[in-house]
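To start, the structure itself, in structure tokens.
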Amino acid sequence: MLSLISASGLFAQSGYLAATYNTAIPLGNSKDFISNASFRGFGIDGGYYVTKNLSVGLSFSWNGFYEDFPYQTYEVGTVAITGLMWRYTNLFPLLATVKYYVPTGIEFQPYFGLGLGTVITNKTTDFGIYSNTYRAWTFGLTPEVGFIYWFNSQTGVKLDATYNWSTKADNIPSQSNIGIALGLIWKLGASGELTFDN
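Going letter by letter, the sequence shown gives residues 5 to 202 in this note's numbering.
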């Protein structure tokens, strides 16, 4: 988080800054643990334009998943526990990104991206007064497709879809989900003023 803020001075030379509301649909091992979609999330994304159609940058995001289970007997390893159960997963990806922007000459601008980095994963299971939490730092990979609609030369709205995957570690299996993010983007010009080239 702090690295993104400290890098804002560099991005202000010729780049962008974006803030989004993030949702996610769990897949695979993630869905086996919690089947509910996540409507709790946010993202911060900053980048520097290497060329007019290519940027590199950093992104930080969070998604929280939650599901409660009815009162019954659950098998946990070799132990049987009767009661209510709650499960939580919190994912915190910090990724280096590269994005290619399709030249259109109009306000509507599709783009494709890829993020590589680390994901902090917290998985918790609660049984009444008993709680079991696993935490891990893992490698993450995030392909992305989206578009930006520029309201003017300075500000736009962006919508993107991502496939978020991270490796397994210790007692946490590999995680995956489909993410949808909607937010605002601000383009930063070389002189500190916001600019936009069609």
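We treat Cβ as the ideally placed atom computed from N, Cα and C, and that holds for glycine.
Rounded to whole angstroms, what is the Cα-Cα separation between Asn136 and Asp72?
So the two alpha carbons sit approximately 15 angstroms from each other.
Relative to the C-alpha of Ala173, which residue among Ile182, Ala140, Gly144 and Val149 is closest?
Minimum Cα distance to Ala173 is reached at Ala140.
Just grab the DSSP bridge partners of Tyr153 for me.
In DSSP, Tyr153 forms a bridge with Phe112 and Val161.
Which residues in the same chain have their Cβ closer than 7 angstroms to the Cβ of Ser42, if we skip the five residues on either side of it in sequence?
Correct list, in chain order: Thr27, Ala28, Asn67, Gly68 and Phe69.
Does the distance from the CB of Tyr92 to the CB of Leu58 come in under 7 angstroms?
It is not a contact, given that the beta carbons lie outside the stated cut-off.
Among the residues of its own chain, which have a CB less than 6 angstroms from the CB of Pro147, if the five just before and after it don't count?
If we look at Pro147 and ignore the five residues flanking it on each side, its Cβ neighbours are Leu118 and Tyr167.
Straight-line CA distance for Gln113 to Gln76?
Whole-angstrom Cα-Cα distance: 52 angstroms.
Burial state of Val123, where buried means 16 or more other Cβ atoms lie within 10 Å:
It is buried - the Cβ of Val123 has at least 16 other Cβ atoms within 10 Å.
Nearest CA to the CA of Ser170: which residue from Lys162, Val60, Asp36 and Phe96?
For Ser170, the closest of Lys162, Val60, Asp36 and Phe96 by C-alpha to C-alpha distance is Phe96.
As assigned by DSSP and simplified to three states, the class of Phe43:
Looking at Phe43 - three-state DSSP - the assignment turns out to be coil, as it is neither helix nor strand.
Below 8 angstroms on the Cβ atoms is my guess for Leu211 versus Leu192; work out the distance and round it to an integer in Å.
One cannot answer for residue 211 here, as it falls past the ends of the chain, which runs 5 to 202.
Give the range of the beta strand (DSSP E) segment to which Lys191 is assigned.
Residues Gln179 to Leu192.
Residues in the same chain with beta-carbon distance under 6 angstroms from Tyr32, minus the five sequence neighbours each way, listed in chain order, please.
Here residue 32 turns out to be Gly, not Tyr, going by the sequence shown. Cβ neighbours of Gly32 beyond the five flanking positions: Ser180.
For Asn126, collect the residues of the same chain with a Cβ closer than 6 angstroms to its Cβ; drop the 5 residues on either side in sequence, then sort them by chain order.
Within the same chain, Asn94 and Arg139 come within 6 angstroms of Asn126 by CB-CB distance, once the 5 residues on both sides are set aside.
Is it true that the CB of Ser18 sits closer than 7 angstroms to the CB of Gly47?
Inclusion of Gly47 and Ser18 in the CB contact set at 7 angstroms is not warranted, their separation being larger than that value.
Only counting the same chain, and skipping five residues up and downstream in sequence, which positions put a Cβ closer than 8 angstroms to that of Ile182?
Non-local C-beta neighbours of Ile182 in its own chain, meaning closer than 8 angstroms and more than five positions away in sequence, comprise Ala28, Ile29, Leu31, Ala165, Thr166, Tyr167 and Asn168, ordered along the chain.
Taking the Cβ atom as the reference point for each residue, do Gly51 and Tyr20 lie within a distance shorter than 7 angstroms?
Their beta carbons are under 7 angstroms apart, which means Gly51 touches Tyr20 by this criterion.
Exposed or buried, Gly109, counting other C-beta atoms within 10 Å across all chains shown (16 or more means buried)?
Looking at its Cβ environment, which holds fewer than 16 other Cβ atoms inside 10 Å, Gly109 is exposed.
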